[in-house]
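In our numbering, the protein residues as written are 15 to 289.
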């Protein structure tokens, strides 16, 4: 499923990561050093002009489908809100070696992180799965911690995929259009664990955004980093409306099922949440 449109340049992707990190923080979805971003490029990319320093690393999970490709990954502890101001200090580039067990990490002279994000295993596993199963040559993955979505995942009534989608898709007509497949709700897992990574990979096969219960979200896009952030924003907005309604005792009716179907039909949207 390699795309035939012009490939984004390294500078364009670095800018997207910076702007997207700032937007995640603007919607309060990343406190301090929380949240992380990665991008996979399946074509030859020259990174040494931006990232002249090289070191060999072991990859946290096998990624044979990514061999020869390059990943841009945010560093551990770097604040997403600051990436746009000094992107090369917060981002590393990883070229994956044959076999997908090791890679070369390239960093800039202004590097301000000791290692890549602690969620690198989850990012890498998603890229590996999407490239292996769908053949994409570009993928952006964003982990954020949107407060209203995360709060709802603490409430037993919202802890299933069906309940969460029925709740967040009913507040704005745009949501069924922009988040037509909805969001997958995953059980609570220890952050950075193998269990977390496996649950997340499975969820992102059928959905473009997962909710890590009591933790945050991960979204993906094979179009742009911006699109992956848009999915967080739409889902979080729906959760904010639901939270507001809980605060006033459930007084708002929201969009009816018939109204949501009408929007979907008008915009030729296929969604499992129309019945």
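Glycine included, each C-beta is placed from N, C-alpha and C at the ideal position.
The Cβ neighbour count for residue 67, taken over all protein chains shown within 10 Å, is under 16; the residue is labelled exposed.
The shortest CA-to-CA distance from residue 229 to any of 215, 244, 243, 206 is the one to 206.
Non-local beta-carbon contacts of residue 241 in its own chain, meaning distances under 8 Å to residues more than five positions away in sequence, involve 154, 235 in chain order. Annotation: residue 107 to residue 197 spans about 29 Å, alpha carbon to alpha carbon.
For residue 70, the uninterrupted beta strand (DSSP E) run begins and ends at 67–72, by DSSP. One alpha carbon belongs to residue 202, the other to residue 227, and they sit about 5 Å apart.
The Cβ neighbour count for residue 164, taken over all protein chains shown within 10 Å, is at least 16; the residue is labelled buried. If you draw a 10 Å sphere on the C-beta of residue 247, you find 16 or more other C-beta atoms in it, and that means buried.
Counting along the chain, no beta strand (DSSP E) covers residue 221, and no H or E run does either. Going by DSSP, residue 234 is part of the beta strand (DSSP E) stretching over 230–235. Here DSSP, grouped into helix, strand and coil, assigns residue 136 to helix. Residue pairing by DSSP places residue 153 opposite 54 in a beta bridge. Per DSSP, residue 108 lies in no alpha helix (DSSP H) segment; the continuous beta strand (DSSP E) that holds it begins and ends at 105–110. Annotation for residue 254: 162 place their beta carbon closer than 8 Å to its own, counting only its chain and skipping 5 residues before and after. Only exposed fits residue 170, as fewer than 16 other CB atoms lie within 10 angstroms of its CB. In the pairwise beta carbon analysis, the segment 135–146 is classified as not touching the segment 28–48: fewer than three pairs are separated by under 8 Å.
The three-state reading of DSSP puts residue 246 in helix, counting H, G and I together. When the five nearest sequence neighbours on each side are left out, the beta carbons in the same chain lying within less than 6 Å of the beta carbon of residue 189 are those of 183, 248, 252, in order along the chain. Each residue's CA atom was taken as its position, placing residue 52 and residue 86 some 5 Å apart. Per DSSP, the beta-bridge partners of residue 84 are 55, 109. Residue 199 sits in a strand when the DSSP states are folded into three classes. For residue 119, the enclosing beta strand (DSSP E) starts and ends at 116–121. Between residue 45 and residue 160, the gap from beta carbon to beta carbon reaches 7 Å or more. Residues of the same chain with a CB within less than 8 Å of the CB of residue 181, apart from the 5 flanking positions on each side, are 166, 172, 252, 253, 256 in chain order. Sequence-distant partners of residue 111 (beyond 5 residues in either direction) whose C-beta falls short of 6 Å from its own C-beta, in its chain, are 117.
Per the DSSP secondary-structure output, residue 158 pairs in a beta bridge with 231.
When the Cα atoms are used, residue 63 and residue 139 turn out to be separated by approximately 28 Å. The DSSP-derived three-state label of residue 49 is coil.
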